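In what follows, a single structure is set out as structure tokens and then discussed.
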DNA sequence: TTGTATGCGTTATCAT
DNA sequence: ATGATAACGCATACAA
């Protein structure tokens with residue numbers, strides 16, 4: 181372990197003061213260009229690297245942005261992260277990422293860690309059983325911006341980047357109705373999460389607007405993963421009257437559903453028209469191709485990160501709290517899993 | 181912005197020395213239990229949080245581990261990350277994650293950032309065009325362990341966690357041969373990456389062992405993504421003689437291939453038997469179900485992280501350089517996309 | 001344009 | 001079991 185070079189070493193070597201070295205390295209304008217060059221060269225030659233701790237200690241700023249997601253191994257979340265990383269990296273920020281594994285407890289612990297790590301800002305997509313967001317108050321108290329994305333607290337008017345889940349679900353349901361469906365099942369996750377609560381709303385509104393009575397037995401709560409798809413399909417098959425439409429809040433689950441339904445001899449879309457959500461790659465590969473809602477994950481990541489970074493400059497404590505929610509556009513993509521009558 | 185509480189504030193409040201406070205907070209054994217409790221209580225009550233910068237500055241240790249992956253939005257990589265996060269979080273480490281976007285230049289820049297961030301250790305899966313790993317020497321020089329996973333440098337005897345790609349590809353190819361295939365196409369990525377170079381080897385060995393001549397025209401280099409699948413399928417369709425076997429190094433690409441082939445009226449597996457790689461969810465949902473190699477991403481993440489953390493304690497510079505490569509078991513999962521004769 | 005002096009909050013060292 | 005003091009490496013207010 182060779183000794184770390186400090187600005188003092190460089191200063192001594194060059195016969196200037198540490199201050200000048202510090203300024204030069206930070207590209208301070210009030211340093212002679214030649215001196216600056218000399219210092220840069222020496223730094224490089226001596227293998228100097230800035231000590232971020234000392235720098236942070238002094239400047240009270242890290243260059244780290246914290247991110248808490250429910251799960252890392254989710255195709256949607258990883259798109260979001262990719263978008264965030266791109267923007268953050270370009271802006272010179274590091275990302276500290278952790279997952280709550282859908283546990284509010286773990287989310288709190290992660291938030292605590294982030295807090296202690298003194299991230300400059302925090303981006304959060306909430307765990308499914310998170311009831312309130314008090315564990316982020318510590319950040320707000322210190323003036324550290326917190327921005328929610330995709331899954332925001334359903335009650336509070338928290339700042340966040342989302343899609344209009346109500347509208348998206350409305351459109352999906354309306355599409356099924358237009359295809360002649362009258363008995364539509366909706367599969368969704370925990371309605372503590374805005375995402376699912378809103379979609380349920382959209383589903384109900386669409387039914388209402390088309391004078392189809394809402395039946396709570398047509399709502400199935402699920403983990404929305406691959407295995408759950410099978411269970412749901414079996415549940416459907418065992419119903420006394422088969423539904424004619426199925427709106428699943430996730431492509432992987434919908435795909436798995438379709439597979440099991442097909443194995444049971446049910447025709448898609450003739451017997452049951454199916455719509456998913458997310459526009460995952462799988463929706464384009466399953467047969468029949470899955471009608472779904474395009475969910476702009478990468479873009480959501482970009483937007484959320486850009487927005488957060490924009491707010492890092494100003495010290496106006498809690499500005500973000502009053503900022504409006506940013507809603508990204510989503511889009512229903514109609515494919516054959518729900519198409520009964522050719523639209524001309 | 182309320183003022184940060186320091187150990188001095190606590191010390192003053194309680195009439196003890198800052199040293200004692202520091203010790204108590206770090207659970208040092210040589211502190212009276214009652215004093216300790218008193219300090220803990222005061223800290224909590226006063227809203228104290230440890231200043232990691234000051235701590236790091238003094239102790240010369242961050243609790244951060246850097247990770248560089250080619251892409252964040254890859255189902256395999258996100259599984260790996262999930263495994264890593266689990267282990268790291270349990271051990272009290274933070275993860276700083278960045279993506280190289282398959283660019284060696286960006287990888288170098290990211291490595292530089294990680295270096296300056298003074299991560300305690302680094303986990304890397306290389307970009308496809310990375311020719312050498314000299315940009316990680318800075319870490320090794322400082323005694324910071326660097327561990328590669330999945331994609332390791334093909335030439336050097338770099339330490340890493342991998343699967344036996346040669347064997348896996350051998351088994352996949354052998355399986356196709358056993359299904360009666362004699363003209364097998366292999367689709368793979370850049371052979372600068374060990375992963376693909378090794379699989380090509382396995383493919384060749386299997387042919388050799390079954391006395392099928394190797395034909396370089398049967399090797400297709402590709403990006404292995406969804407779009408590429410279509411192109412490959414079209415390339416295959418336009419061949420003067422259709423192959424009877426297809427071994428694609430990635431499930432998403434294989435699935436996309438299958439879809440296009442089917443649309444062209446080619447029957448899977450009767451006309452062409454297809455094998456993928458990764459055991460992505462899609463392999464279980466496409467029709468016919470895709471034969472593939474199970475690639476233990478989550479486990480790979482866990483193992484790599486555990487190993488790295490184990491090495492953080494000892495200061496024996498570069499221990500990792502001599503550690504053997506850790507090879508995880510992968511497994512061929514036979515499904516209907518390649519099954520021509522029912523095995524009884 | 002450059003330098004001096006000081007503080008950021010912690011932990012290591014040595015002492016008691 | 002506790003305390004006094006000195007680093008850790010940098011950035012800034014102030015001085016020149």
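Protein chains in written order, with my numbering: chain B, 181 to 524; chain F, 181 to 524.
All C-beta atoms in this analysis are idealised placements derived from N, C-alpha and C, irrespective of residue type, glycine included.
Computed from a predicted structure; not experimentally measured.
Contact set between residue i and chain B, taken where Cβ atoms lie within less than 7 Å
| i | result |
| --- | --- |
| residue 465/F | 435, 436, 439, 462, 466 |
| residue 308/F | Per Cβ cutoff of 7 Å: no residues; residue 308/F is ~16 Å from chain B at best. |
| residue 229/F | 295, 296 |
| residue 432/F | 461 |
Interface flag, residue i vs chain F, CB-CB below 8 Å
| i | result |
| --- | --- |
| residue 359/B | no |
| residue 282/B | no |
| residue 295/B | yes |
| residue 237/B | yes |
| residue 349/B | no |
| residue 367/B | no |
| residue 232/B | yes |
| residue 492/B | no |
| residue 413/B | no |
| residue 496/B | No answer about residue 496/B holds up, because its pLDDT of 47 lies below 50 and its placement is not dependable. |
| residue 499/B | Bear in mind that a pLDDT of 46 at residue 499/B, under 50, signals an unreliable position, so the number given afterwards is only what the model happens to contain. Chain F, which has no Cβ nearer than 8 Å to the Cβ of residue 499/B, makes this no. |
Cross-chain neighbours of residue i in chain B, by beta carbon under 9 Å
| i | result |
| --- | --- |
| residue 186/F | Within 9 Å Cβ-Cβ: nothing; residue 186/F doesn't reach chain B, min ~12 Å. |
| residue 406/F | 461, 464, 465 |
From the options, residue whose alpha carbon lies closest to that of residue i
| i | options | result |
| --- | --- | --- |
| residue 329/F | 357/F, 375/F, 367/F | 375/F |
| residue 296/F | 505/F, 308/F, 315/F | 315/F |
| residue 244/B | 519/B, 517/B, 488/B, 385/B | 488/B |
| residue 226/B | 435/B, 354/B, 264/B, 192/B | 192/B |
| residue 455/F | 201/F, 424/F, 186/F, 308/F | 424/F |
| residue 310/F | 298/F, 249/F, 512/F, 361/F | 249/F |
| residue 558/F | 453/F, 240/F, 410/F, 214/F | An answer regarding residue 558/F cannot be provided, because it is not within the stretch 181 to 524 covered by chain F. |
| residue 294/F | 278/F, 282/F, 305/F, 306/F | 278/F |
| residue 508/B | 490/B, 302/B, 482/B, 517/B | 482/B |
| residue 403/B | 421/B, 417/B, 386/B, 436/B | 436/B |
| residue 444/F | 434/F, 468/F, 458/F, 417/F | 417/F |
| residue 260/F | 341/F, 386/F, 385/F, 452/F | 341/F |
| residue 178/B | 513/B, 504/B, 515/B | Because residue 178/B is not part of the residues shown, which for chain B are 181 to 524, the question remains open. |
| residue 474/B | 343/B, 207/B, 331/B | 343/B |
Within-8 Å CB hit, residue i to chain B
| i | result |
| --- | --- |
| residue 303/F | no |
| residue 191/F | no |
| residue 342/F | no |
| residue 313/F | no |
| residue 444/F | no |
| residue 518/F | no |
Proximal chain F residues relative to residue i, where beta-carbon distance stays under 8 Å
| i | result |
| --- | --- |
| residue 265/B | 252, 277, 278, 279 |
| residue 396/B | Within 8 Å Cβ-Cβ: nothing; residue 396/B doesn't reach chain F, min ~30 Å. |
Listed by chain order, chain B residues near residue i by CB distance under 8 Å
| i | result |
| --- | --- |
| residue 274/F | 276, 278, 293, 297 |
| residue 375/F | Those do not exist, as residue 375/F stays about 19 Å from chain B at its closest Cβ, beyond 8 Å. |
Amino acids of chain F, ordered along the chain, whose beta-carbon sits closer than 9 Å to that of residue i
| i | result |
| --- | --- |
| residue 269/B | 278, 279, 286, 289, 290, 293 |
| residue 258/B | 251, 252, 253, 254, 255, 257, 258, 261 |
Discussion item. Could you tell me which whole beta strand (DSSP E) segments of length 3 or greater appear in the region 438-524 of chain B?
Written reply: 453-455, 472-474, 506-508, 511-513
Worksheet entry | Segment contact flag, the region 376-393 of chain F with the region 343-363 of chain F, C-beta cutoff 8 Å, min 3 pairs | yes
Item to complete: Inspect the CB distances between the region 212-228 of chain B and the region 185-200 of chain B and report whether three or more fall short of 8 Å.
Response: yes
Worksheet item: Looking at C-beta atoms only, is the number of pairs between the region 415-429 of chain B and the region 421-440 of chain F that lie closer than 8 Å three or more?
Response: no
Worksheet entry | Entirely enclosed alpha helix (DSSP H) segments - the region 232-256 of chain B, minimum 4 residues | Here the runs fully enclosed are 232-239.
Worksheet item: Between the region 259-275 of chain B and the region 275-293 of chain F, are three or more C-beta pairs nearer than 8 Å?
Response: In this structure the region 259-275 of chain B touches the region 275-293 of chain F; the number of beta carbon pairs closer than 8 Å is three or more.
Item to complete: Could you tell me which uninterrupted alpha helix (DSSP H) segments, each at least 4 residues in length, are contained entirely in the region 251-324 of chain F, listed from first to last along the chain?
Response: 255-270, 284-296, 317-321
Practice prompt. Inspect the CB distances between the region 460-470 of chain F and the region 460-469 of chain B and report whether three or more fall short of 8 Å.
Written response: Verdict: yes, contact present.
Worksheet item: Which parts of the region 347-423 of chain B are runs of the alpha helix (DSSP H), unbroken and 4 residues or longer, counting only runs that do not cross its ends?
Response: 374-389, 406-417
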